[in-house]
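Enquirer: Input: one structure, supplied below.
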Amino acid sequence: MNLLIAVFTLPILLAFGCSNVKTEKSTPSKPSYSRIIGGELTSEKHLAAPSTVGIYDLENEFICTGTLLTEHIIVTAAHCIETKPEKIRLVFGLQLFETLNAREVDIQEEFVRRAQATRRHPQWNKQTTENTSTVETEWHDLALILFKGSLPEGYHPATRLADAALLTEGNRVIMAGYGATHVKITNVNEKKYPNLKKAIESGELECEEDETTQKLKCYKIDFEGDDELFHTAATIRSISSTEVRLDESHGHGTCVGDSGGPAFIEHQGELLFFGVTSRGSFACDNTGVYTNTLAFKDWIDQTIIELTQGLK
Numbered sequence: 000m001n002l003l004i005a006v007f008t009l010p011i012l013l014a015f016g017c018s019n020v021k022t023e024k025s026t027p028s029k030p031s032y033s034r035i036i037g038g039e040l041t042s043e044k045h046l047a048a049p050s051t052v053g054i055y056d057l058e059n060e061f062i063c064t065g066t067l068l069t070e071h072i073i074v075t076a077a078h079c080i081e082t083k084p085e086k087i088r089l090v091f092g093l094q095l096f097e098t099l100n101a102r103e104v105d106i107q108e109e110f111v112r113r114a115q116a117t118r119r120h121p122q123w124n125k126q127t128t129e130n131t132s133t134v135e136t137e138w139h140d141l142a143l144i145l146f147k148g149s150l151p152e153g154y155h156p157a158t159r160l161a162d163a164a165l166l167t168e169g170n171r172v173i174m175a176g177y178g179a180t181h182v183k184i185t186n187v188n189e190k191k192y193p194n195l196k197k198a199i200e201s202g203e204l205e206c207e208e209d210e211t212t213q214k215l216k217c218y219k220i221d222f223e224g225d226d227e228l229f230h231t232a233a234t235i236r237s238i239s240s241t242e243v244r245l246d247e248s249h250g251h252g253t254c255v256g257d258s259g260g261p262a263f264i265e266h267q268g269e270l271l272f273f274g275v276t277s278r279g280s281f282a283c284d285n286t287g288v289y290t291n292t293l294a295f296k297d298w299i300d301q302t303i304i305e306l307t308q309g310l311k
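Counted the way numbering that gives the first Met the number 0 counts, the sequence shown spans residues 0 to 311.
Rendered as structure tokens:
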């Protein structure tokens, strides 16, 4: 799965999609190269497939994931909206780039849409998220995307969770996204690394102060994936006023590129949508943070009306 940005245990919080949000994170004991999501490829028959959509920013060249709320509205993370609507492509398919780059015109017309308008939550503040070091901050990491055109065959809006009582600690949550499936962490020599300051500022390196030696310790992190739709599951660790945190320390969780993607509660054989992937640990192996859409129901419903009222 793909981009998230931030998590904790002295955590370093990473927003999973695009921005280089700086936070804190537990120190890996050694370089690692492993499958971090522990997920499975999503088939067309999987319950998450008909409402999960790939999002690609042509200008900044990054991937996010979104969820269909109506036939013309997709919900995603606010940090996934970094450009004008006309630079955003919405991809309906299990393989994002294969669909987006298809030479056949009919495939493009059937499975790719252009964003017409976007709206981020008014309390989202990118600068605040970049400057915070606490994992408890409520980010309001939520945005809606309007698009024109009919839905491809087989796609339909997600069923939204209405009963907050189903969100309890320990309950199983299913997530989906087009993000990274592998992460490689390498220790670097801070004294010998070229242009260290620039590398840290650009997000090429993640650094923290060693609690024992008080010296700066840096890591180079590489993410890999095939931009295919995966799904996985984890349990709820805690719930705050606007966010839900999942325990992703057992090899199952979201990562870079999964930002904005759905989190579902499975109830009576149906997937009920409630969460938008926001951020997690820089190695995608600790806590995942999800915006709880139940807390924003009024804003979502009103914004859908405002965005679609002029749709022809």
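Where a beta carbon is used, it is the ideal one built from N, C-alpha and C, also for glycine.
(1) Just to confirm before moving on: does the CB-CB distance between Pro-49 and Gly-153 stay below 8 angstroms?
(2) Quick one: what does DSSP say Glu-39 is sitting in, helix, strand or coil?
(3) Give a yes or no on contact between the stretch 204 to 218 and the stretch 253 to 262, applying the rule of three or more CB pairs nearer than 8 angstroms.
(4) Would you say Thr-51 and Pro-193 are within 8 angstroms of each other, going by their C-beta atoms?
(5) Taking only three categories from DSSP, how would you classify Ser-240?
(6) With DSSP run on the structure shown, which of helix, strand or coil describes Ile-235?
(7) Taking just the CA atoms, how far does Lys-191 sit from Tyr-55?
(8) Out of curiosity, what's the CA-to-CA distance linking Lys-216 and Phe-146?
(9) Taking Thr-314 as the reference, which of Leu-141, Glu-70, Trp-123, Val-111 has the closest Cα?
(10) Would you tell me roughly how many angstroms separate the C-alpha atoms of Val-243 and Thr-64, rounded to the nearest one?
(11) So Arg-118 and Leu-306 are supposed to be a Cβ contact under 8 angstroms. How far apart are they, rounded?
(12) For the beta strand (DSSP E) that Lys-219 lies in, which residues bound it at each end?
(13) Who are the near neighbours of Phe-339 in its chain, counting only those whose CB is closer than 6 angstroms to its CB and skipping five residues on each side?
Expert: This is what the structure gives:
(1) Numbered from its first residue, the sequence shown carries residue 49 at position 50. Numbered from its first residue, the sequence shown carries residue 153 at position 154. Taking 8 angstroms as the Cβ cut-off, Pro-49 and Gly-153 qualify as a contacting pair.
(2) Your numbering for residue 39 matches position 40 in the sequence shown. Three-state DSSP puts Glu-39 in a strand.
(3) no
(4) Stepping through the sequence shown from its first residue, residue 51 is reached at position 52. Stepping through the sequence shown from its first residue, residue 193 is reached at position 194. Contact flag unset, no.
(5) Working through the sequence shown from its first residue, we reach residue 240 at position 241. The answer is coil: DSSP assigns Ser-240 none of H, G, I, E or B.
(6) For this step, residue 235 is matched to residue 236 along the sequence shown. Residue state, collapsed to three classes: strand.
(7) Against the sequence shown, residue 55 aligns to sequence position 56. Against the sequence shown, residue 191 aligns to sequence position 192. Each residue's alpha carbon lies about 36 angstroms from the other.
(8) Taking the first residue of the sequence shown as position 1, residue 216 is located at position 217. Taking the first residue of the sequence shown as position 1, residue 146 is located at position 147. Looking at the two C-alpha atoms, the distance is approximately 44 angstroms.
(9) Only positions 0 to 311 of the chain appear in this structure, which leaves residue 314 out of reach.
(10) Within the sequence shown, residue 243 is the residue found at index 244, counting from 1. Within the sequence shown, residue 64 is the residue found at index 65, counting from 1. Their backbone Cα atoms lie some 18 angstroms apart in a straight line.
(11) Within the sequence shown, the letter at position 119 stands for residue 118. Within the sequence shown, the letter at position 307 stands for residue 306. Going by Cβ atoms, the distance from Arg-118 to Leu-306 rounds to 6 angstroms, so yes, they are a contact pair.
(12) Working through the sequence shown from its first residue, we reach residue 219 at position 220. Note, Lys-219: beta strand (DSSP E), 215 to 223.
(13) A query on residue 339 cannot be resolved here, the shown segment of the chain reaching from 0 to 311 and no further.
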